[in-house]
Ligand SMILES: [Zn+2]
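In the UniProt record's numbering, the protein residues as written are 1 to 376.
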C-alpha cells in the first residue's frame with residue numbers, strides 16, 4: 001500500500017500542473033478509478049479541467065475533494081532537487097505539490113481501492129470532485145462543478161477535502177471549518193496642490209487617516225468556541241506623487257476581513273460604511289466577497305475522522321478553523337458536512353516543498369478508515 005501511494009504521488013508531481021493546468025493528472029486518476037467501478041465525468045469550464053467521478057447511485061454520498069494544480073515553483077535553481085521531478089531524500093519526498101496536495105490525491109486513490117476491494121457491496125456512494133483551479137482565481141473550478149451538481153440535485157452527505165491540514169504530525173490537526181473572507185478597495189478623493197498652500201488643496205491622507213485608525217481599533221466580534229475573533233487588516237495603502245512638496249490628489253487602500261460566524265459580510269459592510277461616513281471626505285469603495293465562513297462542528301464525518309486518526313496514529317486530533325480559505329467554502333453551502341485532512345503543511349508553496357513518505361502511507365490508511373466507518 002505504501003509503495004503505491006508513493007509511486008502515484010511521484011507520477012502526479014512529475015506532471016507539471018501549474019495552475020490552471022492539469023497536465024494529465026486527472027486522466028491518471030480517472031484511469032485508476034474507472035476499473036474500480038467509477039463513472040467518470042470530465043467537466044471543462046474555459047481554462048479549467050474538473051473531474052466528477054462517482055461509484056454507486058444511492059446515498060449517503062462520501063466525496064473526496066481536491067485539486068491537481070500547484071502554485072509556480074519560483075526559481076527552479078533555488079530548489080535542492082528539480083521541482084517537477086519527484087525526488088526521495090532521507091525519508092521525505094520532494095517536489096512541487098508533494099504536500100499541497102498531490103500526496104493527498106494519491107492517498108485518496110489507494111484508500112478507495114483498498115476499501116472497495118474489501119467491501120465491494122458497500123453502502124451509499126463514493127465520489128471524487130477534483131479541480132485544476134484551486135490555486136488560481138477559483139472561478140471555473142469547484143464552484144462550477146457544485147453549480148452543475150446542484151442543478152441536477154446531486155448532493156453529497158460528507159466531503160473530505162485533502163488540503164494539508166496537519167501541523168507537525170500527520171492527523172494532529174483537522175480543519176472543520178474556515179473563516180469567511182471579505183476584501184474592500186477604497187479610493188479617497190482629495191485635491192492636489194502645493195504643500196505650502198494647503199488651504200488650496202485637500203489632503204486625502206489627512207482626511208482618511210482618522211477613519212483608518214478607527215477601523216483598525218474597532219472590535220468586530222468576540223469570535224466563538226469554533227472561531228477566533230474577526231480580524232481586519234489593511235494590506236495596501238498608496239498615495240503621493242513621489243515629490244516632497246505636493247499634496248496628493250487621491251489615496252487608494254485595500255483591506256481584508258477574515259470573519260467568524262458571529263457576523264455576516266453584510267453587517268461588516270454596513271459597519272465599515274457607517275464608520276467612514278462619520279468623517280468628512282469623498283470616497284468610493286468596492287467589495288469583493290471571497291467566501292462565507294463554514295463550520296462542521298460535530299456529526300458522523302467528524303467522529304469518523306477523529307476515530308480513524310486515533311486508530312492509525314494513536315493521536316487525538318485538534319479541530320481547527322484557522323488558516324486561509326479553501327474550496328470547502330463552495331461545498332459546505334450545499335448542506336454537506338465538510339472537513340479537511342491532509343499532510344503537514346510546513347513547506348507548502350515554498351521552495352523545496354516536501355512530504356514525509358511514511359505520512360503518505362498513514363494518510364491513506366486514515367482515509368480508508370474513514371470510508372470503513374461511514375460506508376462499510
Ligand atoms: Zn491546496
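Where a beta carbon is used, it is the ideal one built from N, C-alpha and C, also for glycine. Values in this document were obtained by computation on a predicted structure and should not be read as measured data.
Residue j beta carbon less than 9 angstroms from that of residue i
| i | j | result |
| --- | --- | --- |
| residue 388 | residue 55 | Because residue 388 is not part of the residues shown, which for the chain are 1 to 376, the question remains open. |
| residue 8 | residue 28 | yes |
| residue 239 | residue 205 | yes |
| residue 163 | residue 104 | yes |
| residue 142 | residue 327 | yes |
| residue 144 | residue 45 | yes |
| residue 245 | residue 196 | yes |
| residue 333 | residue 292 | yes |
| residue 276 | residue 187 | no |
| residue 254 | residue 324 | no |
| residue 365 | residue 99 | no |
Counted within 10 angstroms of its Cβ, other Cβ atoms place residue i as buried (16 or more) or exposed
| i | result |
| --- | --- |
| residue 139 | exposed |
| residue 33 | buried |
| residue 25 | buried |
| residue 287 | exposed |
| residue 289 | exposed |
| residue 248 | buried |
| residue 191 | exposed |
| residue 284 | exposed |
| residue 384 | Residue 384 is absent from the structure shown; the chain starts at 1 and stops at 376. |
| residue 278 | exposed |
| residue 67 | buried |
| residue 210 | exposed |
| residue 369 | buried |
| residue 69 | buried |
| residue 133 | buried |
| residue 258 | buried |
| residue 118 | exposed |
| residue 49 | buried |
| residue 176 | buried |
| residue 152 | exposed |
| residue 90 | exposed |
| residue 378 | The displayed coordinates of the chain run from 1 to 376. Any statement about residue 378 would go beyond what the structure contains. |
| residue 342 | buried |
Three-state class that DSSP yields for residue i in the structure shown
| i | result |
| --- | --- |
| residue 353 | coil |
| residue 341 | coil |
| residue 219 | coil |
| residue 274 | helix |
| residue 212 | helix |
| residue 282 | strand |
| residue 265 | helix |
| residue 347 | coil |
| residue 253 | strand |
| residue 334 | helix |
| residue 373 | helix |
| residue 191 | strand |
| residue 237 | strand |
| residue 66 | strand |
| residue 170 | coil |
| residue 307 | helix |
| residue 328 | helix |
| residue 318 | strand |
| residue 55 | strand |
| residue 161 | strand |
| residue 313 | helix |
| residue 175 | strand |
| residue 202 | strand |
| residue 71 | coil |
| residue 359 | helix |
Chain B contact for residue i (CB, 9 angstroms cutoff)
| i | result |
| --- | --- |
| residue 34 | The structure shown contains no chain B; it is built from a single protein chain. |
beta-carbon residue i near ligand 2 non-hydrogen atom, thresh 8 angstroms
| i | result |
| --- | --- |
| residue 121 | You won't find ligand 2 in this model; what it holds is ligand 1. |
The segment 84-91 contacting the segment 4-20, beta-carbon criterion three pairs below 8 angstroms: The segment 84-91, when compared against the segment 4-20, does touch it at the 8 angstroms Cβ threshold.
Residue ranges of each alpha helix (DSSP H) within the segment 81-149, 4 or longer: Counting only runs of 4 or more, we get 103-118.
Contact between the segment 198-218 and the segment 308-316 (3+ Cβ pairs under 8 angstroms): Not touching, per the Cβ criterion.
Cβ contact check for the segment 168-184 and the segment 61-76: 3 or more pairs under 8 angstroms: Counting C-beta pairs with one atom in each stretch, the segment 168-184 and the segment 61-76 have fewer than three that are closer than 8 angstroms, which means they do not touch.
Cβ contact (3+ pairs, closer than 8 angstroms) linking the segment 296-305 and the segment 117-137: Fewer than three Cβ pairs drawn from the segment 296-305 and the segment 117-137 lie within less than 8 angstroms of each other, which leaves the two stretches out of contact.
Cβ pair count under 8 angstroms reaching 3, the segment 137-154 against the segment 213-224: The segment 137-154, when compared against the segment 213-224, does not touch it at the 8 angstroms Cβ threshold.
The segment 353-366 contacting the segment 175-183, beta-carbon criterion three pairs below 8 angstroms: No, the segment 353-366 does not touch the segment 175-183.
Sequence ranges, alpha helix (DSSP H) only - wholly within the segment 9-52, length at least 4: As far as the segment 9-52 is concerned, its whole alpha helix (DSSP H) runs of at least 4 residues are 25-33.
Three or more C-beta pairs below 8 angstroms linking the segment 342-355 and the segment 89-96: At 8 angstroms Cβ cutoff, the stretches touch.
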